[in-house]
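Engineer: Please find one structure pasted underneath; my questions will follow.
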Amino acid sequence: MKIIIADSSAVVRAILGQKLESNPDVEIIDSVSNSKKLINSVEHRRPDVILFGLDMSSAEEKADLTALNRERHVPVLILSEEGLSPDFTGLCEIMEKPKLSDYEKPFIDSLVEKLKKLAGSQPNVESCSCSGSHFQILCIGASTGGPSAVSAVLQGLGNDFPLPILYAQHIEVGSDKTMASWFSNVCKNVHVKLAENGEEAKSGTVYMAPADKHLVIDFIDPNGTAVLKLSDEEPERFLRPAVNKLFRSAAKLYKNNCLAVLLTGMGADGAEGCKMICENGGWTIAEDKSTCVVFGMPAAAIEMGGAKEVLPREKISKRILELVKNDAK
């Protein structure tokens with residue numbers, strides 16, 4: 018059970034850390050002094066539960082905690098000196114914060130039991146709703162190690178996938194047709210092709226950005242269909258196609274109807290686009306470090322706050338299908 022301790026008192030943090038780490042079921046992954054540091058730690062370390070002893074009379078601390086609990090679905094055990102009653106919609110429990118002299122075995126045992134209960138009740142991120150969005154487009158970005166990662170994700174989507182798929186991959190000039198052909202042979206469940214300028218994006222088809230062309234969504238026609246555009250605009254950070262270009266166009270036009278996946282790759286391309294998708298109400302999945310060939314692009318998105326979820330490669334297809342399936346109900 019991975020725990021982050023948040024308390025303004027260094028003494029309390031030290032006592033809790035020392036007492037809790039003696040329990041074999043507990044791993045203290047961070048100890049922070051304010052809610053801003055807590056938010057940053059949660060983004061990077063992914064705790065099972067938060068032990069929150071910060072000042073709940075502070076509007077800022079309370080707002081940050083509410084955001085973590087509701088938006089990130091992180092269970093929270095609050096240690097409060099004020100006898101507060103829970104007013105959070107997510108998983109939350111409150112215990113009275115003891116005096117320094119009372120952090121003894123009976124209290125610690127009770128604390129651990131409550132932490133275990135909360136951590137065990139944590140909603141699997143794979144089953145969480147995503148605010149009722151109605152997805153109409155799936156965008157995928159990748160670089161180093163991308164073809165293998167993308168093919169695994171595409172194969173896992175099965176037959177009759179209901180959304181168009183737009184795919185930006187960093188690729189050398191002259192290699193795009195060969196890669197598209199390879200995808201067609203490997204991913205028999207979907208139709209993979211190089212995107213064409215002015216083309217309408219149809220469900221179950223993967224539109225791959227050609228080498229040395231930016232792929233963007235030009236507009237959405239009256240039928241709700243994305244019309245694609247290939248652009249010769251300047252490379253973005255020396256990259257053309259750039260994942261950011263695709264993701265930003267999708268965020269702008271589809272807003273909360275946009276679902277995006279950022280896979281293995283060097284650098285930070287796609288991170289800003291992921292953040293924009295999130296800010297516009299869409300949903301993003303970043304590949305976990307454990308399965309990335311290069312944990313550059315996903316890491317940048319996570320650090321920037323542009324990853325709604327972080328999943329290993331083998332779980333991404335299932336999650337996409339869950340989101341789309343739940344969305345269709």
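For what it's worth, this note's numbering labels the leading residue of the sequence shown as 18, then goes sequentially.
Note that the Cβ used here is the ideal one computed from N, Cα and C, for glycine as well.
How is the alpha helix (DSSP H) around tyrosine 271 delimited, first residue to last?
Structural biologist: 260-271
Engineer: Under a three-way DSSP split, which group does phenylalanine 69 fall into?
Structural biologist: strand
Engineer: Under a three-way DSSP split, which group does methionine 283 fall into?
Structural biologist: coil
Engineer: Please check the pair leucine 68 and alanine 23, which I expect to be a contact at CB under 8 Å, by giving their CB distance rounded to whole angstroms.
Structural biologist: 7 Å
Engineer: Would you tell me roughly how many angstroms separate the C-alpha atoms of glutamate 110 and valine 327, rounded to the nearest one?
Structural biologist: 26 Å
Engineer: Applying the criterion that 16 or more other CB atoms from any shown protein chain within 10 Å of the CB defines a buried residue, is glutamate 213 buried or exposed?
Structural biologist: Answer is exposed; the Cβ neighbour count stays below 16.
Engineer: Whose C-beta lies closer than 6 Å to the C-beta of valine 49 among residues of the same chain, with five residues either side of it excluded?
Structural biologist: Ala23, Leu55 and Ser58
Engineer: So, at 8 Å on beta carbons, what are the nonlocal neighbours of histidine 208 in its own chain, with the 5 sequence-adjacent residues on each side left out?
Structural biologist: Taking C-beta separations shorter than 8 Å and ignoring five residues to either side along the sequence, the partners of histidine 208 in its chain run Ser201, Gly221, Thr222 and Val223, following chain order.
Engineer: Could you tell me which residues DSSP pairs with glutamine 186 in its beta bridges?
Structural biologist: Ala159
Engineer: Measure how close the beta-carbons of isoleucine 154 and cysteine 295 come, nearest whole angstrom, since I'm counting them as under 8 Å.
Structural biologist: Rounded, the Cβ-Cβ distance is 15 Å, inconsistent with contact.
Engineer: Here's the rule: buried if 16 or more other CB atoms are within 10 angstroms of the residue's CB, otherwise exposed. What is leucine 33?
Structural biologist: buried
Engineer: Just how far apart, CA to CA, sit isoleucine 319 and lysine 205?
Structural biologist: 32 Å
Engineer: Are leucine 338 and leucine 171 touching if we call contact CB-CB under 8 Å?
Structural biologist: The Cβ atoms of leucine 338 and leucine 171 lie no closer than 8 Å to each other.
Engineer: Do we get a CB-CB distance below 8 Å when we pair lysine 219 with the residues of chain B?
Structural biologist: Among the chains of the structure shown, chain B does not appear; only one protein chain is present.
Engineer: Taking a contact to mean a Cβ-Cβ separation below 8 Å, would you say aspartate 65 touches lysine 19 in this structure?
Structural biologist: yes
Engineer: Could you check whether the segment 275-285 touches the segment 238-248, counting it as contact only if at least three pairs of C-beta atoms, one from each stretch, sit closer than 8 Å?
Structural biologist: no
Engineer: From asparagine 176 to serine 25, what does the alpha carbon distance come to, in whole angstroms?
Structural biologist: If I take the Cα positions, the gap works out to 53 Å.
Engineer: Return the first residue and the last residue of the alpha helix (DSSP H) that lysine 246 is part of.
Structural biologist: Segment 243-248 is the beta strand (DSSP E) holding lysine 246; no alpha helix (DSSP H) there.
Engineer: By alpha-carbon positions, which one of Pro239, Ser97, Ile125 and Leu183 ends up nearest to lysine 114?
Structural biologist: The shortest C-alpha separation from lysine 114 is found at Ser97.
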